[in-house]
Amino acid sequence: MSCYKLDCKGEVFYKCSCSEEGFLICINHLSLHMHDDATKNHNIVKLYTQINNSKKKIVLEGLISILDQSKALEKNVISRSSYLISSINRIVSIFLKTMDNFQYNLQSETRKLLKSSKISNLDISYFSKLLQDTEANIENEISLWNIETILNLNPNLISKSLLNDYLQDDIPLIKESKLINTAFNLLVDFTTGFENYVPSSFDYIISYKNQGNSIKNINLQTQEIIIKRMSFGSKIRFPISYNLPGGLLFVGGGELIYPEYSKKYYIIDPETCEILDQSSDIERDYDTGCILYNSEIYAFGGSIRKKPFDISSKYNIRIKKWKALQNMPSPSAISCPAVFNKNILITGYEINCILSYSTVYNTYEKTNCLFEYKSLKCLLQNKERIFALAQHNVYELSPDSNNMQIVNKFTCKNSIKKSLAYKNFIYFFDNVNVFRMDVNAMTFQLIINQDYTTSINFKEDD
C-alpha cells in the first residue's frame, strides 16, 4: 500500500474514511490532506487516537506555559491598576476582559487535548492541524507562544495561530493595544527616561483654505516628507503642535473661525491620524510655549486675537486633567521652552530675558540671560545643551543656565513655534519653514523652504 499522492513512496500512516474507498496517507501528507480536503467528512476522533502522545505533551506544555504567562500578566495589570485607575481605567477594563476570553479559550483547548480520545465533534482547527506536523515543527511553533508577542500583534503569529483562531471577536484588544503601550510609555518619569527616547519623525499640523487639516510628517532618518489628511471636525488654523515620546502628537487650541478659537486639546497618533485622547482648557494657539516634563504638558502664555496673555497651566496625562499655574510675570507669546533640572526655562517676544519656572514651587525667577524687548527669540534643547536664537545670534547657555555666550549667527524671519531633538540635531519650525541645526558642527540646513530668503551661515550637511 502507498500514499494517495501517486509520486509519494512514504509509509502509510493512516487510512482516512472521508470516502468509501478511503484515503491511504503517509505522515508527510496527512496535514495536506486534512487542509486541502477540509470539507470532507474526516473521522477526527479516530485520527486523534493515533496521534503520538509525545506530540500532545509538547502542545499541552506550550498551552500551560502561555496560560501561566497570561495569568501573570493579568496579576501585574491588576496590581498596577490602583495606580493607573484614574488615567487608563477604560483600557484596563477592556484589557482584562480580553484576557479572560483569551484564557478561557486556552483552557478550553487544553481540556480538549487532555480528553482527545473522547472528542466527538472537533473542527479542523489550528491545533488539530498542528498536531499532524513533526515534533520539531511543533516545538518551533510553540516557541512563538509568548504572551508579549501575541499582544504586540506579530503579523507572522496572527496569520496562522492563536489570534487568528480565537480572538476574532476580541477586536478591542487589537484597537487598544497601541493605546495600552501609549499609556504606559507616557507614565515614564521623563526626568530620567527622556534621554533614552529617540524620535523617528517631526510632525506638525497644517491647514488649507477650504480642505481642513493635514499632518506633515518628516522622517528624521531619510528626510522623506509625507502629508496625511487629519480631521478634527472643524478646520483649525494655528494650533499648538508638540511631539511626545512614543511617536505621538499633542495638538490643541487654534483658530476656528475668527474670532472663535478652539478650547479642545488632543493626543493623536500621526501615523494613523487617530485621536487617542481629548480634553478641554482655555483658548490658545501656537504662540503658547509647550513642553513635557514628568508626564505633564506645561503650557505658558501665548496670544489670542493679537493680544498676548500671561496665563499658564499644565495637563496631567495620567489623570487627564488641566491645572492652573502661577501666571507669568508679564504677558507674552512663548517660543519653545527648555528643561533644566526641575525648572522650565522660557522666553518670548515680549520678554527681555530668560525666565526660570520652578515646577516644585510654582514660581518664576529671572536669569542673567538678557535680550532686547519685543524681538524674536526662542530656546532650543538637545539633551543637556540649551541654545537661544535671538538678535541674529545663536547663544549657548552655561551649565547652570544663568549665563550664555555667542556661538554662531542665525536670523529668525518668523517666530519659532516648535522644536525637536534628534541625535546631534535640533529640528525647528516657524510655521512656514523647517530647519535643522547640527549642535556639534554648529551649522544649519533648510529642510522645507517656503519663504525663507536670508542665507546666513547655511551649509548642507554631509
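Per our numbering: the sequence shown = residues 143 to 604.
Note that the Cβ used here is the ideal one computed from N, Cα and C, for glycine as well.
Since this is a predicted model, take the numbers as computed values, not measurements.
ask   = Cα-Cα, which of 276, 342 and 216 is closest to residue 565?
value = 342
inquiry  = Mapping the DSSP letters down to three states, classify residue 343 as helix, strand or coil.
reply    = strand
query = What are the uninterrupted segments assigned as alpha helix (DSSP H) that are 4 or more residues long and contained completely in the segment 416-477, given in chain order?
reply = none
The segment 508-516 in contact with the segment 550-557 per 3-pair CB rule at 8 Å = no
task = On a CA-only basis, which of 355, 199 and 353 is nearest residue 281? Give me that one, please.
result = 199
request  = Measure the C-alpha to C-alpha separation of residue 286 and residue 460 and round it to an integer number of angstroms.
outcome  = 33 Å
Start-end ranges of the beta strand (DSSP E) lying completely within the segment 545-582, minimum 3 residues = 546-551, 560-564, 567-571 and 576-580
inquiry  = Three or more C-beta pairs under 8 Å: does that hold for the segment 537-552 against the segment 405-417?
reply    = no
ask   = If you check the beta carbons only, do residue 531 and residue 488 fall under 8 Å apart?
value = no
task = Return the Cβ separation of residue 379 and residue 395 in integer angstroms, given the expectation that the two are a contact with Cβ distance under 8 Å.
result = Actually they are not in contact, since the Cβ atoms of residue 379 and residue 395 sit about 10 Å apart, beyond 8 Å.
request  = Report yes if the CB atom of residue 443 is closer than 8 Å to the CB atom of residue 473, and no otherwise.
outcome  = yes
ask   = At which residues does the beta strand (DSSP E) containing residue 413 begin and terminate?
value = No beta strand (DSSP E) holds residue 413; DSSP gives it neither H nor E.
key: Where the beta strand (DSSP E) through residue 507 begins and ends   = 505-512
request  = Look at the alpha carbon of residue 593 and the alpha carbon of residue 464, and state the distance between them as a whole number of angstroms.
outcome  = 37 Å
query = residue 357 lies in the beta strand (DSSP E); which residues open and close that run?
reply = 355-361
ask   = Which residues in the same chain have their Cβ closer than 6 Å to the Cβ of residue 502, if we skip the five residues on either side of it in sequence?
value = 484
Separation of residue 409 from residue 377, as counted between CA atoms = 17 Å
For residue 367, the first and last residue of its enclosing alpha helix (DSSP H) = Unbroken run through residue 367 is the beta strand (DSSP E), 367-372; no alpha helix (DSSP H).
ask   = Taking just the CA atoms, how far does residue 205 sit from residue 215?
value = 15 Å
Other residues of its chain near residue 480: CB distance less than 6 Å, five sequence neighbours each side excluded = 487, 521, 523 and 528
query = residue 454 and residue 470: beta carbons closer than 8 Å?
reply = yes
task = Would you mind reading off the limits of the beta strand (DSSP E) that contains residue 283?
result = That residue, residue 283, is in no beta strand (DSSP E); its alpha helix (DSSP H) goes 277-284.
query = On the three-state DSSP scale, how would you describe residue 209?
reply = helix
query = Does the distance from the C-beta atom of residue 561 to that of residue 478 stay below 8 Å?
reply = yes
Cβ-based neighbour list, residue 428, same chain, cut-off 6 Å, excluding 5 preceding and 5 following = 380, 382 and 559
query = Taking Cβ to Cβ, would you say residue 450 is nearer than 8 Å to residue 492?
reply = yes
task = Look at residue 365 and residue 568 and say whether their C-beta atoms are less than 8 Å apart.
result = no
query = Just to confirm, are residue 385 and residue 345 a CB contact at a threshold of 8 Å?
reply = yes
inquiry  = Whole angstroms are fine: how far does the CA of residue 424 sit from the CA of residue 356?
reply    = 23 Å
message = Excluding the 5 residues flanking residue 533 on each side, which residues of the same chain have their C-beta closer than 7 Å to its C-beta?
response = 513, 514 and 517
inquiry  = How far does the beta strand (DSSP E) with residue 352 in it extend, from its first residue to its last?
reply    = Unbroken run through residue 352: none, as it is neither H nor E.
task = For residue 581, count neighbouring Cβ atoms within 10 angstroms of its own Cβ and tell me buried if that reaches 16, exposed if not.
result = buried
ask   = Under a Cβ-count criterion, where at least 16 other Cβ atoms within 10 Å of its own Cβ denotes burial, should residue 519 be classed as buried or exposed?
value = buried
request  = Return the residue from the list 372, 351 and 422 that minimises the CA-CA distance to residue 456.
outcome  = 422
message = Rounded to the nearest angstrom, what separates residue 430 and residue 452 at their Cα positions?
response = 10 Å
task = Please report how far the alpha carbon of residue 576 lies from the alpha carbon of residue 540, in whole angstroms.
result = 26 Å
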